[in-house]
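K.L.:
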Amino acid sequence: MAAILYPPVSFATTATIPATLYDSDAGAKSLKEDDVKAVADTFVASLNSALERKSVAEVTNHFIDRGFWRDLLALEWEFHTFQGKDQIGEFLTKNLETSGVKNFEIDSAALPPVVISPQEDLEWVQVFLTFETKIGKGVAVARLVRDVHDADKVKAFALYTGLESLNGFEERIGRNRVLGVDHGQHAGRKSWTEKRKQEVDNADPAVLIVGGGQAGLTIAARLKMMGVGHLIIERNQRVGDNWRKRYKFLVLHDPVYYDHLPYIPFPESWPVFTPKDKLADFFQSYASMLELNIWTETSLDSAVYDDETNTWTVKIIRNDGSFHELHPRHIVQATGHSGEPNIPTFKGQDKFKGKLVHSSQHTTGADFKGQKAVVVGCCNSGHDIAHDFYEQGADVTVYQRSSTYVMSSENGLGTLFEGLYEPNGPPLDQADLIFYSTPLKVHHLLNKSLTKKIAALDKTILEGLEKAGFKLDYGYEGSGFLMKYYRRGGGYYLDVGCSTLIADGRVKIKQGTGISEFTEDGIKFSDGTELKADIVVLATGYKNMRETARKIFGDKVADRCRDVWGLNEENELNTMWRDSGHPGFWFHGGNLSHCRFYSKRLALQILAEEQGLKDRNRP
Numbered sequence: 195m196a197a198i199l200y201p202p203v204s205f206a207t208t209a210t211i212p213a214t215l216y217d218s219d220a221g222a223k224s225l226k227e228d229d230v231k232a233v234a235d236t237f238v239a240s241l242n243s244a245l246e247r248k249s250v251a252e253v254t255n256h257f258i259d260r261g262f263w264r265d266l267l268a269l270e271w272e273f274h275t276f277q278g279k280d281q282i283g284e285f286l287t288k289n290l291e292t293s294g295v296k297n298f299e300i301d302s303a304a305l306p307p308v309v310i311s312p313q314e315d316l317e318w319v320q321v322f323l324t325f326e327t328k329i330g331k332g333v334a335v336a337r338l339v340r341d342v343h344d345a346d347k348v349k350a351f352a353l354y355t356g357l358e359s360l361n362g363f364e365e366r367i368g369r370n371r372v373l374g375v376d377h378g379q380h381a382g383r384k385s386w387t388e389k390r391k392q393e394v395d396n397a398d399p400a401v402l403i404v405g406g407g408q409a410g411l412t413i414a415a416r417l418k419m420m421g422v423g424h425l426i427i428e429r430n431q432r433v434g435d436n437w438r439k440r441y442k443f444l445v446l447h448d449p450v451y452y453d454h455l456p457y458i459p460f461p462e463s464w465p466v467f468t469p470k471d472k473l474a475d476f477f478q479s480y481a482s483m484l485e486l487n488i489w490t491e492t493s494l495d496s497a498v499y500d501d502e503t504n505t506w507t508v509k510i511i512r513n514d515g516s517f518h519e520l521h522p523r524h525i526v527q528a529t530g531h532s533g534e535p536n537i538p539t540f541k542g543q544d545k546f547k548g549k550l551v552h553s554s555q556h557t558t559g560a561d562f563k564g565q566k567a568v569v570v571g572c573c574n575s576g577h578d579i580a581h582d583f584y585e586q587g588a589d590v591t592v593y594q595r596s597s598t599y600v601m602s603s604e605n606g607l608g609t610l611f612e613g614l615y616e617p618n619g620p621p622l623d624q625a626d627l628i629f630y631s632t633p634l635k636v637h638h639l640l641n642k643s644l645t646k647k648i649a650a651l652d653k654t655i656l657e658g659l660e661k662a663g664f665k666l667d668y669g670y671e672g673s674g675f676l677m678k679y680y681r682r683g684g685g686y687y688l689d690v691g692c693s694t695l696i697a698d699g700r701v702k703i704k705q706g707t708g709i710s711e712f713t714e715d716g717i718k719f720s721d722g723t724e725l726k727a728d729i730v731v732l733a734t735g736y737k738n739m740r741e742t743a744r745k746i747f748g749d750k751v752a753d754r755c756r757d758v759w760g761l762n763e764e765n766e767l768n769t770m771w772r773d774s775g776h777p778g779f780w781f782h783g784g785n786l787s788h789c790r791f792y793s794k795r796l797a798l799q800i801l802a803e804e805q806g807l808k809d810r811n812r813p
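So for the sequence shown, the working numbering puts the first residue at 195; every next one is plus one.
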């Protein structure tokens, strides 16, 4: 087996995965033999009784000793994950009465209660619920077990609560959709086309969205369906150009079942893996069909926030060179969670006679047939670009600076998404609830065993990589792909063919030494070796999204914001999709799935501030 830099935790022979999850060798007991509907009914009735009495102690006692509660905006305007009765009790003491959370019911429109066994010797009853708060309605997911320390009572190993709508401001979909026409007699009536043009051209929105990729489109769609005025400004000529301009053969590594956008899913005929230009065209159609307000070829010149009026003064430049001044109450930075390109500098790079570009600037290797290409960096983009160079006839070497987690797209995603995002999976909204309701600490623990399983399936290719000199890791404590994504947003490759090229020696690997300097015709390394190069592509990743805010909005805004991405002490992502530290300023980004799910959470917070239900100066 290939070398492992972050080996999976070796559990003691007397320990089990369930014991690790439940934090006790006998803290929970299987419910397989029970009538799961009766079990769920008993739990819900007891929980509602405790809530009616507003008893923090009684509600807390519905959890096993080290149980989890993940709350997204239902009890407090924040994202929280608490573990253990002490933390849960403190959270409830602060928020139980003020939130007015009550009336949990089994969701009859969702999947029925069922025993779930995510891996051997680990089971719980999964129950979809609905509930109410003082200001809205929510959905919940309970994962129930029997607590052998308390007379086998049914308790929650994990409970998720999430706000889904604000009373009186439900999404304008389904039964709530707009009529689309005013019947009757209307002198001077305007056509739909005329009204749309006026709406776009004269936009003075409550929310200005900077960036028209998946983040900008999804938050605009959510806001529109909630009746909040929006405007997207996009510097490119067309919606989708942020994808069209990337390297020529880019294809999404995530399957279509995971990637749908809100309100308009991809067609049934859509390919499993989406080429970037096809995705760009879909984005353009999506914006048109949902009537999103967008100004393309438009950039932001300045943005100043007034703490007294809680408004921004924003100056923007249109494609004709004209300046426009807007006064939104909110700005959403939707420029992608990767941020600005991370472009390191090297001694002697100015004397290099070849081409030196960051991966974000690279489009194709077709111009370098028969020439020498070096790719600096070994994650998704680096591998894809090396793969392209090879297919275009270049002599390509990848320089690996550290270690990389590698899993095949087929075995890796098939294992991680099994039972969720696949052709016969549950409805998308319920798949999302199952996935995003799971506390990240639980994902971390479960993914250790899944990572081992994937490695066994990928054994041949991993051993081939090791023999070629490629340095592998298995992620933080062996938790693989998912936790690397959440902790650093990179450090992995979802193999779609380049690993075989490296293992076979068709793409060469340079590893284990630092770059000393650039020469006129290549790179010199600290071990004294040199690589000749006609082109060097720096697949060196991206900076924190906060640094993009600094570039676009200036130090005064960025200095008030917190760092974005990575995990906090509760194992929640830092800053994304909620209070940024700067009032009226929000970060939105991530892959298509994250944008789909969290755009609703972000839109609800903006709507709540607009309706006076949330104080923008306090989380």
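We treat Cβ as the ideally placed atom computed from N, Cα and C, and that holds for glycine.
Nearest to Ser597 by CA position, among Trp464, Gly706, Gln478, Asn436, is which residue?
P.N.:
Among Trp464, Gly706, Gln478, Asn436, the Cα nearest to that of Ser597 is on Gly706.
K.L.:
Within 8 Å, do at least three Cβ pairs link the stretch 583-596 to the stretch 697-704?
P.N.:
The stretch 697-704 vs the stretch 583-596: in contact.
K.L.:
Straight-line CA distance for Ala560 to Lys391?
P.N.:
Taking the straight line joining both Cα atoms gives about 42 Å.
K.L.:
Go through its chain and collect everything with a Cβ distance to Lys541's Cβ below 8 Å, but skip five positions before and after it.
P.N.:
Result list for Lys541: Ser710, Glu711, Phe712, in chain order.
K.L.:
Output needed for Gly221: all residues of its chain with C-beta closer than 6 Å, excluding positions within five of it in sequence on either side, in chain order.
P.N.:
The pLDDT assigned to Gly221 is 47, lower than 50, so where the model puts this residue is not dependable; a value taken from the coordinates is nonetheless given after this. Here the set comprises Ile258.
K.L.:
Find the nearest neighbour of Lys647 within the set Trp506, Gly515, Gly608, Pro399, judged by alpha-carbon distance.
P.N.:
With distances taken between Cα atoms, Lys647 lies closest to Gly608.
K.L.:
Could you tell me the boundaries of the beta strand (DSSP E) in which Gly356 lies?
P.N.:
Counting along the chain, the beta strand (DSSP E) containing Gly356 begins and ends at 347-360.
K.L.:
Would you say Thr492 and Glu388 are within 8 Å of each other, going by their C-beta atoms?
P.N.:
Contact flag unset, no.
K.L.:
Quick check: is the beta carbon of Gly378 nearer than 8 Å to any beta carbon in chain D?
P.N.:
Absence of chain D from the displayed structure is noted, only one protein chain being present.
K.L.:
Going by DSSP in three states, Ser218 sits in which element: helix, strand or coil?
P.N.:
Interpretation of Ser218 is limited by its pLDDT of 49, a score under 50 that renders its predicted location unreliable; the figure taken from the coordinates is listed afterwards. It is coil, neither helix nor strand.
K.L.:
Starting from Phe675, trace the alpha helix (DSSP H) both ways and give me its first and last residue.
P.N.:
Note, Phe675: alpha helix (DSSP H), 674-682.
K.L.:
Within the continuous alpha helix (DSSP H) that includes Gly283, where are the two ends?
P.N.:
Counting along the chain, the alpha helix (DSSP H) containing Gly283 begins and ends at 279-293.
K.L.:
May I ask you to verify whether the stretch 531-550 touches the stretch 421-441, counting CB pairs closer than 8 Å and requiring at least 3?
P.N.:
Counting Cβ pairs under 8 Å, fewer than three are found: no touch.
K.L.:
Does DSSP put His521 in a helix, a strand or coil?
P.N.:
Looking at His521 - three-state DSSP - the assignment turns out to be coil, as it is neither helix nor strand.
K.L.:
Please classify Lys808: does DSSP put it in a helix, a strand, or coil?
P.N.:
Residue state, collapsed to three classes: coil.
K.L.:
Specify the secondary structure class of Asn297 as computed by DSSP and reduced to three states.
P.N.:
Asn297 falls in the strand class under three-state DSSP.
K.L.:
Use the C-beta contact count for Asp219: other C-beta atoms within 10 angstroms, 16 or more gives buried, fewer gives exposed.
P.N.:
Because Asp219 sits at a pLDDT of 41, beneath the cut-off of 50, its placement in the model cannot be relied upon, and the following sentence gives the value as read from the coordinates. When all chains shown are included, Asp219 counts as exposed.
K.L.:
DSSP three-state call for Gly332: helix, strand or coil?
P.N.:
Three-state result, Gly332: strand.
K.L.:
Relative to the C-alpha of Gly423, which candidate in Val230, Glu393, Ala345, Leu688 has its C-alpha closest?
P.N.:
Selected option, being the one with the closest Cα: Glu393.
K.L.:
Looking at the strands, I want to know which residues DSSP matches up with Gly716.
P.N.:
Answer is Thr713, Lys726.
K.L.:
How many Å lie between Phe791 and Asp715 at the Cα?
P.N.:
For Phe791 and Asp715, the distance between alpha carbons rounds to 48 Å.
K.L.:
If distances are taken between C-alpha atoms only, which option among Val751, Gly672, Phe675, His454 comes closest to Ala497?
P.N.:
Per the Cα distances, Val751.
K.L.:
Could you tell me if Asn487 is buried or exposed, where buried requires 16 or more neighbouring beta carbons within 10 angstroms of its beta carbon?
P.N.:
Counting Cβ neighbours within 10 Å, Asn487 comes out buried, since at least 16 surround it.
K.L.:
Comparing C-alpha positions only, which one of Leu269, His380, Thr734 sits nearest to Val333?
P.N.:
When only C-alpha atoms are compared, the closest one is Leu269.
K.L.:
Please report the distance separating the alpha-carbon of Asp623 from that of Lys794.
P.N.:
Taking the straight line from one Cα to the other gives about 12 Å.
K.L.:
Contact defined as beta carbons within less than 8 Å: I believe Gly684 pairs with Met677. What is the distance between those atoms, to the nearest angstrom?
P.N.:
Actually they do not touch by this definition, with Cβ atoms about 12 Å apart.
K.L.:
Given the structure, does Ala397 come close to the ligand NAD, in the sense that its CB is under 7 Å from one of the ligand's heavy atoms?
P.N.:
Among the components modelled here there is no ligand, and therefore nothing to report on the ligand NAD.
K.L.:
Using 10 angstroms around the beta-carbon of Ile458, count the other beta-carbons present and answer buried if the total reaches 16, otherwise exposed.
P.N.:
That one is exposed.
K.L.:
Put Glu428 into one of helix, strand or coil per three-state DSSP.
P.N.:
Three-state DSSP puts Glu428 in a strand.
K.L.:
Can you grab the Cα-Cα spacing for the pair Ile300 / Phe476, in whole Å?
P.N.:
Those two C-alpha atoms are separated by around 37 Å.
K.L.:
Within the same chain, show all residues whose beta-carbon is closer than 8 Å to that of Arg512, passing over the 5 residues directly before and after it, in chain order.
P.N.:
For Arg512, where only same-chain residues beyond five positions count, the Cβ hits under 8 Å are Trp489, Glu491, Thr492, His518.
K.L.:
For Val372, count the other beta carbons within 10 Å of its own beta carbon; 16 or more makes it buried, fewer makes it exposed. Which is it?
P.N.:
The residue in question, Val372, is exposed, as its Cβ has fewer than 16 Cβ neighbours within 10 Å.
K.L.:
Could you check whether the stretch 578-587 touches the stretch 736-756, counting it as contact only if at least three pairs of C-beta atoms, one from each stretch, sit closer than 8 Å?
P.N.:
The stretch 578-587 is not in contact with the stretch 736-756.
K.L.:
With burial defined as no fewer than 16 other Cβ atoms inside 10 Å of the residue's Cβ, what is the status of Val308: buried or exposed?
P.N.:
Burial call: exposed.
K.L.:
Quick check on this structure: which residue in Gly283, Asp229, Leu520 has the alpha carbon closest to the alpha carbon of Ser249?
P.N.:
With distances taken between Cα atoms, Ser249 lies closest to Gly283.
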